[in-house]
Structure formats: C-alpha cells, structure tokens
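**Q** Here you go, one structure.
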Amino acid sequence: MKRFARIRVLARRMTLFICASISVSAGVLCIASYCRSIVVLRPPMVGFWEDLQRDAHHDVTIKAQNGVLVVLYRDRITKWRWTTGFGPLTKYEFGGFKYSDRMSWLRVYTFRSIDICIPLWLPFVFFGVYPLIAYMRGPVRHRRRRKRNQCIHCGYNLTGLTEPRCPECGEQS
C-alpha cells in the first residue's frame, strides 16, 4: 500500500514540476517576445517554388511577438487565374485570441493565409495555477489538522492519546 502511495506522490511531484517548468518557460517567452520577435518553429517549405508537389504547398510558422503566440499557415494552391485580387477577410477576435483567414490570387497561384494568435499569458496562468494550488494544499491541510488535534497524515482524531504515534497509520504526529 505504501509503495503505491509513494509512486502516486512521485507522479504528482513530476506533474507539478513539468507544469511549473512550462509556466516559467511561457512567462519568459512572453516577456522576451516584447523585446523582439522570436521564431519558435519554422520548418523548410519543401517545393514552394519548385513543382515537386503540383497541387499544393504549405508553410507553418510559429512565432512569439508582443506577448502573443502567432501560428501562421500559408497554403499555395496551383491554379491558373488571369486576375489578381484578394478574397474577403474572415476575422474573429475575443479576449486576446485572434483568427483571420484570407485568400489572394496572384496571376498564377492562389494563396490562402490563416493566422491564429494565442496570448502567451494563458499557458503561463494555466500551467502556473495548478502547481501553486497543489503545493499550497498540503501545508493548509496539515495546519487545519493540527488545530483540530488530528494526525497530519491520515486525519485520525488524536484527542486523549498519550503516545506521539497515530494508531491508525503508525506515523509520528
């Protein structure tokens, strides 16, 4: 029984460490993104100008700038058009989140651009609140159990006992 409890505690601590690490990384990235634009992911765009894949080519760039994580998706669809123009811009904004979609025709190629913006404070708060609550839960529970004269490990009532050990779990209180 104690072995599984230790494994659970270890797994919980590992989860808390990972969440705290992600939170700190997102916070640092958020602060650094105000100073300069940071490209997080930019894979090479295979066959953009060469016709290796005749029907479509795409490019995904993830970058952080001004406290926002921006995902840029560019798609080139090979179609012959004689007109040059831009399609209607579809744009949604809510609470720092942004989504925009646009088509453009440039003589030979049709391009589609999708931009998704996610505020960087969101992962900072999301991954930072859980470790904070989890780390504060233990000390608050121990303090409450001490005030009620209970075992801090299992919550057994120790009123009237002369021994410093809990009869329920055997831990020293």
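So that you can map any letter, position 23 of the sequence shown is 22 in numbering that gives the first Met the number 0, and since no number is skipped, the others follow by simple counting. Yeah, the Cβ is synthetic: ideal placement off N, Cα and C, and Gly gets one too.
Cutting at 7 Å between CB atoms, please list the residues of its own chain near Cys-187, excluding the five before and the five after it.
**A** The displayed coordinates of the chain run from 0 to 172. Any statement about residue 187 would go beyond what the structure contains.
**Q** Am I right that Leu-28 and Leu-121 are in contact with their C-beta atoms under 8 Å? What's the rounded C-beta distance?
**A** Mapped onto the sequence shown, residue 28 falls at position 29. Mapped onto the sequence shown, residue 121 falls at position 122. Between Leu-121 and Leu-28 the Cβ distance is about 12 Å, and since that is not below 8 Å, they are no contact.
**Q** Just how far apart, CA to CA, sit Met-102 and Val-70?
**A** As a first step, residue 102 is located in the sequence shown; it is residue number 103 there, counting from the start. As a first step, residue 70 is located in the sequence shown; it is residue number 71 there, counting from the start. Those two C-alpha atoms are separated by around 17 Å.
**Q** When burial is assigned at 16 or more other CB atoms within 10 Å of the CB, is Cys-153 buried or exposed?
**A** In the sequence shown, the residue the question calls residue 153 occupies position 154. Label assigned to Cys-153: exposed.
**Q** Going straight from the alpha carbon of Arg-31 to that of Ile-117, what length do you get?
**A** For the purposes of this step, residue 31 is taken as residue 32 along the sequence shown, with counting starting at 1. For the purposes of this step, residue 117 is taken as residue 118 along the sequence shown, with counting starting at 1. For the sequence presented, residue 31 should be read as Ala rather than Arg. Answer to the nearest angstrom: the Cα atoms are 16 Å apart.
**Q** Would you tell me roughly how many angstroms separate the C-alpha atoms of Ile-113 and Phe-123, rounded to the nearest one?
**A** On the sequence shown, residue 113 is found 114 positions in, with the first residue counted as 1. On the sequence shown, residue 123 is found 124 positions in, with the first residue counted as 1. C-alpha separation (whole angstroms): 25 Å.
**Q** Looking at the structure shown, is Lys-97 part of a helix, part of a strand, or coil, going by DSSP?
**A** Residue 97 sits at position 98 when you count from the first residue of the sequence shown. Looking at Lys-97 - three-state DSSP - the assignment turns out to be strand.
**Q** With respect to the alpha helix (DSSP H) encompassing Leu-129, which residues constitute its N-terminal and C-terminal limits?
**A** Numbered from 1 along the sequence shown, position 130 holds the residue referred to as residue 129. Here the sequence assigns Tyr to residue 129, which means Leu is not the residue at that position. Per DSSP, Tyr-129 belongs to the alpha helix (DSSP H) from 120 to 146.
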